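For the sequence shown, my numbering gives the first residue as 506, with consecutive numbering after it. We put the CB at the ideal spot given by N, CA and C, even for glycine. All values reported here derive from a predicted model rather than from experimental measurement. Just below is one structure, and these are the notes that go with it.
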Amino acid sequence: MAQKLWEKSVQVNQEIERFTVGLDREMDLYLAKHDVLGSMAHITMLESIGLLTSNELATLLEELKNIYSMAERGEFVIEEGVEDVHSQVELMLTRKLGDVGKKIHSGRSRNDQVLLDLKLFTRSQLKEIAEDVEQLFNALIQQSEHYKNVLMPGYTHLQIAMPSSFGLWFGAYAESLVDDMLFLQAAFKLCNRNPLGSAAGYGSSFPLNRTMTTELLGFDSMNYNVVYAQMGRGKMERNVAFALASIAGTISKLAFDACMFNSQNFGFVKLPDECTTGSSIMPHKKNPDVFELTRAKCNKLQSLPQQIMMIANNLPSGYFRDLQIIKEVFLPAFQELKDCLQMTTYIINKIKVNEEILNDDKYLYIFSVEEVNRLAREGMPFRDAYKKVGLDIEAGKFTHNKQVSHTHEGSIGNLCNEQITALMQQVVKGFNFSNMIAAEKALLGR
Ligand code: ARG
Numbered sequence: 506m507a508q509k510l511w512e513k514s515v516q517v518n519q520e521i522e523r524f525t526v527g528l529d530r531e532m533d534l535y536l537a538k539h540d541v542l543g544s545m546a547h548i549t550m551l552e553s554i555g556l557l558t559s560n561e562l563a564t565l566l567e568e569l570k571n572i573y574s575m576a577e578r579g580e581f582v583i584e585e586g587v588e589d590v591h592s593q594v595e596l597m598l599t600r601k602l603g604d605v606g607k608k609i610h611s612g613r614s615r616n617d618q619v620l621l622d623l624k625l626f627t628r629s630q631l632k633e634i635a636e637d638v639e640q641l642f643n644a645l646i647q648q649s650e651h652y653k654n655v656l657m658p659g660y661t662h663l664q665i666a667m668p669s670s671f672g673l674w675f676g677a678y679a680e681s682l683v684d685d686m687l688f689l690q691a692a693f694k695l696c697n698r699n700p701l702g703s704a705a706g707y708g709s710s711f712p713l714n715r716t717m718t719t720e721l722l723g724f725d726s727m728n729y730n731v732v733y734a735q736m737g738r739g740k741m742e743r744n745v746a747f748a749l750a751s752i753a754g755t756i757s758k759l760a761f762d763a764c765m766f767n768s769q770n771f772g773f774v775k776l777p778d779e780c781t782t783g784s785s786i787m788p789h790k791k792n793p794d795v796f797e798l799t800r801a802k803c804n805k806l807q808s809l810p811q812q813i814m815m816i817a818n819n820l821p822s823g824y825f826r827d828l829q830i831i832k833e834v835f836l837p838a839f840q841e842l843k844d845c846l847q848m849t850t851y852i853i854n855k856i857k858v859n860e861e862i863l864n865d866d867k868y869l870y871i872f873s874v875e876e877v878n879r880l881a882r883e884g885m886p887f888r889d890a891y892k893k894v895g896l897d898i899e900a901g902k903f904t905h906n907k908q909v910s911h912t913h914e915g916s917i918g919n920l921c922n923e924q925i926t927a928l929m930q931q932v933v934k935g936f937n938f939s940n941m942i943a944a945e946k947a948l949l950g951r
């Protein structure tokens, strides 16, 4: 069995090891590429302050690039008996290069190393999430424009209420994503500060150049105070989880609407056949399982901030092993949300709407307010008009031509999709992914 980084004489009991390592050997695979990038920046800085020679640096960087490529190809493994990604990378360097591999950890602790890995991983995932949100946004706006003249019933209490339109329905979810995106951007900015150099949580007596690693890794700034940098573990994940949960909340509501409107009793939309699933017993079934799974996954994602808070709450400042467990719920969440975003976009692009819903007279009463407003415009006091229309309905005498003319901003006749799109573009511009991309490319010499 490989020796632990910290093991001196007494060997750790195997059961204790199984328990403390937990799922880390799986979870840390998410972090492998980022751990390598972090090490590249760290040792470049170590050379600049005289803790490595330039030859040592060059040899180490070359081997780290190889390890990075292995991770890209999915060939990086954390071996049996090795605790985590940090130990595995150091072990590989030492095996290949000898003693120089053991020099890379000066001025660093696994506590700031894992903080850094999590931030590098998270910011790259947030970029992908932002791109997927934008795709879904575009699909929604396109459908909103396409069906802007098709009316549908609007509901309150699930009782038919007022005229709505497919333009409004699709556009509402697009605008919801604008606010979610703003939240995501705040999470990205909180994440994009460098914790490296905080070491075990109290800094180091080596004269580390933290500005240098901040620039090498393309962070907006560092987390200056080393105690605060360590306090960011759990806080960053929680804040990002809130942003993910906000997106998930939008999608789960959309998924519920889509399932309901696709039911025969509504029949407002038709999901593409290839996006539905059959039944083992009922030959006619075309079930909206994709949106049901999306709804459940997105509801689960909305519990992520709470899960993280339950793990990290009531910890004082300083590192605790409790924080390791956050990785188990946090790291897989990104792929889950991306899957939901991509599936939803695929279906929204193909969904068909029923342009004839309002031919069914059970929806006639959605126009009752239109009729009241028409009488009021003609001079009848609103309360009298309300009463007259109410009495007509009771007497079975209510009629309406099923036309509406709503003109104010954000209404059926004036969706403001251009303004909503402008809001989204403004948020998208505020992200600045270019520094992180350029920095990572430069480190890898690509
Ligand atoms: N696996 C650990 C974590 O995720 C890495 C840091 C270990 N540090 C320690 N002091 N035991 O937190």
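- Within the chosen limit of 7 Å, the ligand ARG reaches the beta carbon of L828 through at least one heavy atom.
- Taking a contact as a CB-CB distance under 8 Å, the pair F872 and P658 does not count as one, their CB atoms being some 10 Å apart.
- DSSP places T719 outside any beta strand (DSSP E); the residue lies instead in the alpha helix (DSSP H), whose first and last residues are R715 to L721.
- Between the ligand ARG and the CB of N819, the shortest heavy atom gap is not smaller than 7 Å.
- For S939, the enclosing alpha helix (DSSP H) starts and ends at S939 to L949.
- Bounds of any alpha helix (DSSP H) do not take in A900, whose DSSP letter is neither H nor E.
- Between the segment 646-663 and the segment 892-905, the count of Cβ pairs shorter than 8 Å is below three; the stretches do not touch.
- Per the Cβ contact rule, the segment 700-716 is in contact with the segment 725-738 (3 or more Cβ pairs under 8 Å).
- Rounded to whole angstroms, the separation of the alpha carbons of F825 and N730 is 18 Å.
- The beta-carbon separation of T849 and L721, rounded to 37 Å, does not stay under the 8 Å limit for a contact.
- Judged by DSSP in its simplified three-state form, S559 adopts helix.
- A heavy atom of the ligand ARG is found nearer than 7 Å to the CB of R615.
- With at least 16 other beta carbons inside 10 angstroms of its own, R628 counts as buried.
- The C-beta of G612 has 16 or more other C-beta atoms within 10 Å across all chains shown, which makes the residue buried.
- Three or more pairs of CB atoms, one per stretch, sit closer than 8 Å, so the segment 763-780 contacts the segment 854-863.
- Remark: three or more beta-carbon pairs, one from each stretch, lie closer than 8 Å, so the segment 552-569 and the segment 592-605 are flagged as touching.
- Under the three-state reduction of DSSP output, I862 falls in the helix class.
- For the 8 Å CB-CB criterion, V594 and V541 form a contact.
- At the C-beta level, I752 and L623 stay beyond 8 Å of one another.
- If you compare the alpha carbons of F766, K791, D685 and R715 with that of A750, the shortest gap goes to D685.
- K632 has its CB no nearer than 7 Å to any heavy atom of the ligand ARG.
- Taking I925 as the centre and dropping the five residues before and after it, the same chain places the C-beta of I646, G676, A679, E680 and V683 closer than 8 Å to its C-beta, in chain order.
- DSSP places L510 in the coil class of the three-state scheme, outside both helix and strand.
- Contact between D533 and D589 holds: their C-beta atoms lie close to 5 Å from each other, under 8 Å.
- For T549, the enclosing alpha helix (DSSP H) starts and ends at A537 to S553.
- Each residue's CA atom was taken as its position, placing L528 and Y851 some 33 Å apart.
- Taking the Cα positions, F766 is about 14 Å away from L863.
- Each of R800, A546 and Y870 was checked against the Cα of E899, and the nearest Cα belongs to Y870.
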